[in-house]
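Residue numbers (our numbering), protein chains in the order written: chain X, 337 to 956; chain R, 244 to 425. Quick reminder that beta carbons are idealized off the backbone N, C-alpha and C, glycines included. To start, the structure under review is shown below, and the notes come after it.
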Amino acid sequence: MSERRILLGNEAIARGVVESGCAVATAYPGTPSSEILPAIAAYSDEMGTNTQVEWGANEKVALEMAIGACYAGKRSCAVMKQVGLNVAADPFMSVAHQKLDGGLLVVVSDDPGCHASQDDQDSRAYAAAAKIPCFDPSDAREAKAMVADAFDLADRYGVMAMLRPTVRVDHCRQDVEIMDDVVSQKDAVFDRKPAGKRIVMPAVIHGFLDDHSDRFEAIRGEFGAMDRYNFEVPSEEPAKLGVIACGISYSVVRDILNRLGRKDVSILKIGTPVPLPVNLVEDFVDRHDRVLILEETQPVVEGQIPNRTAVMGRWNGWVPKTGELVPEVVESLLLRALGVEEDLSDREVFNKIEEELSPEKRRPRLCPGCSHRPAYFSIRKVFPDAVVASDIGCYGLAIAQNAVDTNICMGGSVTAASGIYLAFKADGKGTDRPIFATLGDSTFFHSGMTGLATAVYNRHAFVLVILDNRITAMTGGQDHPGTGDKMRSGEEGVSVSIEEAVKGCGVKWLSVLDPYDIEKNKKTIEKAWEHASSNREPAVIVFRHPCITMLKVKPEYRPVKVDPSACIGCGLCIRDFNCPGLVWDQATGKAMVDDRYCVNCGVCVAVCPKGAIVPEGGDR
Amino acid sequence: MRIVIVGVGGQGILFSSKVLGEIALRRGEKVVGSEVHGMSQRGGSVISHFKSGDHFGPLVQVGDADVVLAFDTDEAIRNVSFLRPGGTLIVNCDDPARFEAGAMGEYLRDKDIKVLPVDGYGILRERMRGRFLFLNVMILGALVASDSSGLSMEDMESAVADLSPERFRDDNLKALNLGFER
Numbered sequence: 337m338s339e340r341r342i343l344l345g346n347e348a349i350a351r352g353v354v355e356s357g358c359a360v361a362t363a364y365p366g367t368p369s370s371e372i373l374p375a376i377a378a379y380s381d382e383m384g385t386n387t388q389v390e391w392g393a394n395e396k397v398a399l400e401m402a403i404g405a406c407y408a409g410k411r412s413c414a415v416m417k418q419v420g421l422n423v424a425a426d427p428f429m430s431v432a433h434q435k436l437d438g439g440l441l442v443v444v445s446d447d448p449g450c451h452a453s454q455d456d457q458d459s460r461a462y463a464a465a466a467k468i469p470c471f472d473p474s475d476a477r478e479a480k481a482m483v484a485d486a487f488d489l490a491d492r493y494g495v496m497a498m499l500r501p502t503v504r505v506d507h508c509r510q511d512v513e514i515m516d517d518v519v520s521q522k523d524a525v526f527d528r529k530p531a532g533k534r535i536v537m538p539a540v541i542h543g544f545l546d547d548h549s550d551r552f553e554a555i556r557g558e559f560g561a562m563d564r565y566n567f568e569v570p571s572e573e574p575a576k577l578g579v580i581a582c583g584i585s586y587s588v589v590r591d592i593l594n595r596l597g598r599k600d601v602s603i604l605k606i607g608t609p610v611p612l613p614v615n616l617v618e619d620f621v622d623r624h625d626r627v628l629i630l631e632e633t634q635p636v637v638e639g640q641i642p643n644r645t646a647v648m649g650r651w652n653g654w655v656p657k658t659g660e661l662v663p664e665v666v667e668s669l670l671l672r673a674l675g676v677e678e679d680l681s682d683r684e685v686f687n688k689i690e691e692e693l694s695p696e697k698r699r700p701r702l703c704p705g706c707s708h709r710p711a712y713f714s715i716r717k718v719f720p721d722a723v724v725a726s727d728i729g730c731y732g733l734a735i736a737q738n739a740v741d742t743n744i745c746m747g748g749s750v751t752a753a754s755g756i757y758l759a760f761k762a763d764g765k766g767t768d769r770p771i772f773a774t775l776g777d778s779t780f781f782h783s784g785m786t787g788l789a790t791a792v793y794n795r796h797a798f799v800l801v802i803l804d805n806r807i808t809a810m811t812g813g814q815d816h817p818g819t820g821d822k823m824r825s826g827e828e829g830v831s832v833s834i835e836e837a838v839k840g841c842g843v844k845w846l847s848v849l850d851p852y853d854i855e856k857n858k859k860t861i862e863k864a865w866e867h868a869s870s871n872r873e874p875a876v877i878v879f880r881h882p883c884i885t886m887l888k889v890k891p892e893y894r895p896v897k898v899d900p901s902a903c904i905g906c907g908l909c910i911r912d913f914n915c916p917g918l919v920w921d922q923a924t925g926k927a928m929v930d931d932r933y934c935v936n937c938g939v940c941v942a943v944c945p946k947g948a949i950v951p952e953g954g955d956r
Numbered sequence: 244m245r246i247v248i249v250g251v252g253g254q255g256i257l258f259s260s261k262v263l264g265e266i267a268l269r270r271g272e273k274v275v276g277s278e279v280h281g282m283s284q285r286g287g288s289v290i291s292h293f294k295s296g297d298h299f300g301p302l303v304q305v306g307d308a309d310v311v312l313a314f315d316t317d318e319a320i321r322n323v324s325f326l327r328p329g330g331t332l333i334v335n336c337d338d339p340a341r342f343e344a345g346a347m348g349e350y351l352r353d354k355d356i357k358v359l360p361v362d363g364y365g366i367l368r369e370r371m372r373g374r375f376l377f378l379n380v381m382i383l384g385a386l387v388a389s390d391s392s393g394l395s396m397e398d399m400e401s402a403v404a405d406l407s408p409e410r411f412r413d414d415n416l417k418a419l420n421l422g423f424e425r
């Protein structure tokens, strides 16, 4: 039985994973990949499979769990975003060289254009470095089909395969064919023979390297014959231009050629960029005078083309070196390659419109009612000069209230604070400037704990602030060891205590606070730094308040208004508190409450130095 | 049909594109679209592209949209470039003059773009006790009324009713009709 449903690309991938008989699926959430694992849980429930679905505390943990399942002969799958693959790179590279028993699929979602990421890296390059096959889908339907083929290939060759969707595939919505059947699988078995097959150490791995290389070349041959993913769309008229297009760029370029009515451009679509079916590409390049190559983000296919003299790509500056290949960019590249002058007159008009009407620029910031806002506000209030290292997660958005000074990656706040402390220490200055590290609950379990243990051991003086909102909020509200909740219906987890973990790391000074209580908390923040600096060791504050958006928690109803006679228009509430519920009234030069966004949490009453933000009274 | 939906995080933009997709699927059309996730929930700009019919990519190109649904005036200004000549702009806006004067007015007249302003917040304040979360469905009502989409009120009502969580169903249908009649 089959049925057509509108699915998010990530749901299509998840459906493919369950239909393929995957026994163990793991992940750490990260945009644009986050919806995949919960959808696997939902489809597993719907289809009655016994798929084990688990969040790992981080991507390395998740991948290693999937590898273990694969060692026991089961199809398994680990899901992450491109930056997460850096965390998992260690097991990723090692397992790539092993001959596996179950099929192992790693799904890595890339984010060209950095919509929700700190970088633009291309995971296909990781696949090339590890010498594993990579599938590069151009839409949701193809992504689902590729999951089935990737598992099949992984099974037959005993390799880890990669599916690498990009953000526009993950987050496209498309009508997709789904099936009721699940590919049946053999029972789990751990085969100890031949000895050493799952050991990585120099003496053993040497014997595997040639095999690994041979498998890679054999897969190149298979990809050359996979004409459902690698095919030519010939031009209807003699071709003036050839285009090699990969992933979403293929879908984009087809729409544009239809829109422009050009029938003189032929396309070679490549859905399996690593290992590249070089013969297909060479043949296409030979038959065209000029070839434009479109791929996101790095020149992974381009770099594998032996003769690039007729190729217009990144190496000769034809294609922009960074950023997303959105339709506007692709059209402009095509027109230039075809020698057509672009009409840019509208662009000037749009500039003029924006100049005249100056629409408000919206940078991401913390939600109204978010508990991180008062936590950061309090720290800055007590120590305006503190160095505040932060991390990748919602709380990093406090940069908009000028409360965050650094962020690197998950867990990096703790270790950066250590380094900042050491830098001052090296100058013999010790602890005259307060140092704070801030990170979330999920991030603490992801990779904050290791940094904290290191800081305790080495006696680093800073205050670690764990902003515990009981959820992984930035990526849409996933669970983690601290929440203890699980994805599949009927499954129960155990909540791991942050306080106990902190104490277990050897921290002696710990305080748990409600961030909403700004006035009360100022003293404790002062004491925490006093302890850290005088004892030369980390002190920890846990600010605990549930996420207002993800957990749908309504704060106590405490509506406020701005008293215009008391407001002196200093702008502190806008600048340092930065809540969307408080806006600047140009006409009066004073702050006012915007009822469209205000959630009536009343926290801002403690913010105004003149007491101009006052409770309004009234019931919900 | 190519529709671009723009607004601010939390306005229910994704629900609107889900409704449009459901209607197209029921009509047997192919559907492809794209939404921006991640940073958008925190009050940043949100954009959703919707295409039904024979298309490959999920993104609507600048100058190619039949309709722009703007849940926010500033986002409408920033994204008016998506409209094709002869297209329709449906915008939540309490000051229609912004789309009549100056370079904007000139551009819209020049390209024969129809503008349908809806004072969404005003109407919701007055008729639905300021429950602004129903803005999205109200705009969908205005979309049907605009006659620019070929959608009937019957199709729209049944899709909205089926996709609404039970506790919002009646209010969603009320907001839909407020948008249709506005």
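With a cut-off of 9 Å, does the C-beta of Thr316 of chain R fall near any C-beta of chain X? Position 73 of the second sequence, counted from the first residue, corresponds to residue 316 of chain R. So yes, Thr316 of chain R belongs to the interface.
Would you please state the rounded distance, in angstroms, between the beta carbons of Val878 of chain X and Val848 of chain X? I believe it to be under 8 Å. Position 542 of the first sequence, counted from the first residue, corresponds to residue 878 of chain X. Position 512 of the first sequence, counted from the first residue, corresponds to residue 848 of chain X. Yes, Val878 of chain X and Val848 of chain X are in contact; Cβ-Cβ is about 5 Å, under 8 Å.
Please list, in chain order, the residues of the region 492 to 513 of chain X that have any C-beta partner in chain R closer than 9 Å. Val503, Arg504, Val505, Asp506, His507, Cys508, Arg509, Gln510 and Asp511
Using CA coordinates, which residue listed in X:Thr751, X:Asn805 and X:Val676 is at the minimum distance from Arg598 of chain X? Stepping through the first sequence from its first residue, residue 598 of chain X is reached at position 262. Of the listed residues, the one whose Cα sits closest to Arg598 of chain X is X:Val676.
Give the residues of chain X in contact with Gly287 of chain R, contact being defined as C-beta atoms less than 7 Å apart. The sequence position of residue 287 of chain R within the second sequence is 44, counting from 1. The contacting residues are Arg698, Arg699 and Pro700.
Using a Cβ-Cβ cut-off of 6 Å (strictly less than) and excluding sequence neighbours within five positions of Ile603 of chain X, which residues of its own chain qualify? To locate residue 603 of chain X, count along the first sequence from 1; it is residue 267. Excluding positions up to five away in sequence, the list reads Val569, Val579 and Ala581.
Contiguous beta strand (DSSP E) assignments of at least 3 residues, all confined to the region 579 to 618 of chain X: 601 to 606
Might you give, ordered along the chain, the residues of its own chain that have their beta carbon closer than 8 Å to the beta carbon of Ala418 of chain R, omitting 5 neighbours on each side? For this step, residue 418 of chain R is matched to residue 175 along the second sequence. Around Ala418 of chain R: Leu367, Met371, Phe377, Leu378, Val380, Met381 and Gly384.
Using a Cβ distance threshold of 8 Å, determine whether the region 349 to 364 of chain X contacts the region 401 to 418 of chain X, with at least three qualifying pairs required. yes
Thr811 of chain X versus Glu572 of chain X - alpha carbon distance: As a working mapping, residue 811 of chain X is identified with position 475 in the first sequence. As a working mapping, residue 572 of chain X is identified with position 236 in the first sequence. Roughly 45 Å between the two C-alpha positions.
Can you find a C-beta in chain R that's less than 9 Å from the C-beta of Glu667 of chain X? Sequence index remark: in the first sequence, residue 667 of chain X carries index 331 (1-based). At least one chain R Cβ lies under 9 Å of Glu667 of chain X.
Give the DSSP bridge partners of Trp880 of chain X, in chain order. Taking the first sequence and counting its residues from 1, one reaches residue 880 of chain X at position 544. In the sequence on display, residue 880 of chain X carries Arg and not Trp. Paired residue(s): X:Asp804.
Does the contact criterion of 3 or more C-beta pairs under 8 Å hold for the region 641 to 658 of chain X versus the region 619 to 630 of chain X? yes
Let me see if you follow: with CB-CB separation under 9 Å, is Lys357 of chain R close to chain X or not? As a working mapping, residue 357 of chain R is identified with position 114 in the second sequence. With 9 Å as the cut-off, Lys357 of chain R does not count as an interface residue toward chain X.
Buried or exposed by the 16-neighbour rule on C-beta atoms within 10 Å, applied to Ile535 of chain X: In the first sequence, counting from the first residue as 1, residue 535 of chain X sits at position 199. Exposed is the call here.
Quick check: what's the CA-CA separation for Ser707 of chain X versus Gly776 of chain X? Your numbering for residue 707 of chain X matches position 371 in the first sequence. Your numbering for residue 776 of chain X matches position 440 in the first sequence. Cα to Cα, Ser707 of chain X sits roughly 12 Å from Gly776 of chain X.
Neighbour flag for Glu312 of chain X against chain R, beta carbons, 9 Å: Nothing about residue 312 of chain X can be read from this structure; chain X reaches only from 337 to 956.
For a cutoff of 9 Å on Cβ pairs, would you count Ile248 of chain R as touching chain X? Translated into positions along the second sequence, residue 248 of chain R becomes position 5. No, Ile248 of chain R lies away from the interface with chain X (no Cβ there is under 9 Å from its Cβ).
Could you tell me which residues DSSP puts in a beta bridge with His542 of chain X? Taking the first residue of the first sequence as 1, we reach residue 542 of chain X at position 206. Partner(s): none; His542 of chain X has no beta bridge.
What is the C-beta distance between Ile584 of chain X and Val617 of chain X, in whole angstroms, given that I count them as a contact (C-beta under 8 Å)? Taking the first sequence and counting its residues from 1, the one referred to as residue 584 of chain X is at position 248. Taking the first sequence and counting its residues from 1, the one referred to as residue 617 of chain X is at position 281. The pair is not a contact, with the Cβ atoms about 19 Å apart (cut-off 8 Å).
Which value, in whole angstroms, describes the spacing of the CA atoms of His796 of chain X and Ser754 of chain X? In the first sequence, residue 796 of chain X corresponds to position 460, counting from 1. In the first sequence, residue 754 of chain X corresponds to position 418, counting from 1. Cα to Cα, the separation comes out at about 6 Å.
When the Cα of Ile904 of chain X is compared with those of X:Lys888, X:Val589, X:Ile910 and X:Lys946, which residue comes out closest? Residue numbering aside, residue 904 of chain X sits at position 568 when the first sequence is read from its first letter. If we check each option's Cα against that of Ile904 of chain X, X:Lys946 comes out closest.
Are the C-beta of Ile320 of chain R and some C-beta of chain X separated by less than 9 Å? Counted from its first residue, the second sequence places residue 320 of chain R at position 77. For Ile320 of chain R, the answer is yes, since a Cβ of chain X falls inside 9 Å of its Cβ.
Buried or exposed, going by whether 16 or more other CB atoms sit within 10 Å of the CB of Gly281 of chain R? The residue labelled residue 281 of chain R in the question sits at position 38 within the second sequence. With a pLDDT of only 47 at Gly281 of chain R, under the threshold of 50, the placement of this residue in the model should not be trusted, and no figure is reported.
For chain R, check one thing: does any of its Cβ atoms lie closer than 9 Å to the Cβ of Val685 of chain X? Stepping through the first sequence from its first residue, residue 685 of chain X is reached at position 349. Cβ-Cβ to chain R under 9 Å: yes for Val685 of chain X.
From the beta carbon of Ser324 of chain R, is the nearest beta carbon of chain X less than 9 Å away? Here the question's residue 324 of chain R lines up with position 81 in the second sequence. Taking Cβ atoms only, chain X reaches closer than 9 Å to Ser324 of chain R, which makes this a yes.
Member of X:Phe471, X:Val843, X:Gly732 and X:Arg806 whose CA lies at the smallest distance from the CA of Gly787 of chain X: Translated into positions along the first sequence, residue 787 of chain X becomes position 451. Ranking the options by Cα distance to Gly787 of chain X, first place goes to X:Val843.
Would you list, in chain order, the members of the region 923 to 940 of chain X that have their beta-carbon closer than 8 Å to a beta-carbon of chain R? Asp931, Arg932 and Tyr933
In chain R, which residues lie less than 9 Å from Tyr372 of chain X when you measure between Cβ atoms? Reading the first sequence from its first residue, position 36 is the one you call residue 372 of chain X. Note that residue 372 of chain X is Ile in the sequence shown, not Tyr. Result: empty, since nearest Cβ-Cβ is about 12 Å, beyond 9 Å.
Listed from N- to C-terminal order along the chain, which residues in the region 295 to 306 of chain R have their beta-carbon within a distance smaller than 9 Å of any beta-carbon of chain X? Asp297, His298, Phe299, Gly300, Pro301, Leu302, Val303, Gln304, Val305 and Gly306
Could you check if Ser324 of chain R is buried or exposed, using at least 16 other CB atoms within 10 Å of its CB as the buried criterion? Here residue 324 of chain R is taken as the residue at index 81 of the second sequence, counted from 1. Flag for Ser324 of chain R reads buried.
Residue range of the beta strand (DSSP E) that Ser847 of chain X falls in? The count along the first sequence starts at 1 and reaches residue 847 of chain X at position 511. Leu846 to Leu849 is the span of the beta strand (DSSP E), which, as asked, contains Ser847 of chain X.
From Val614 of chain X to Gly639 of chain X, what distance separates their C-alpha atoms? Position 278 of the first sequence, counted from the start, is the residue given in the question as residue 614 of chain X. Position 303 of the first sequence, counted from the start, is the residue given in the question as residue 639 of chain X. Roughly 11 Å separates the two Cα atoms.
Residues of chain R with a CB under 9 Å from the CB of Arg351 of chain X: which are they? For the purposes of this step, residue 351 of chain X is identified with residue 15 of the first sequence, where counting begins at 1. None at all; the shortest Cβ gap to chain R is about 16 Å.
Short-range partners of chain X found in the region 266 to 277 of chain R, where Cβ spacing is below 7 Å: Leu268, Lys273, Val274, Val275, Gly276 and Ser277
Given this structure, state the Cα-to-Cα distance separating Tyr933 of chain X from Cys940 of chain X, to the nearest angstrom. Residue mapping note: residue 933 of chain X aligns to position 597 of the first sequence, counting from 1. Residue mapping note: residue 940 of chain X aligns to position 604 of the first sequence, counting from 1. So the alpha carbons of these two residues sit roughly 14 Å apart.
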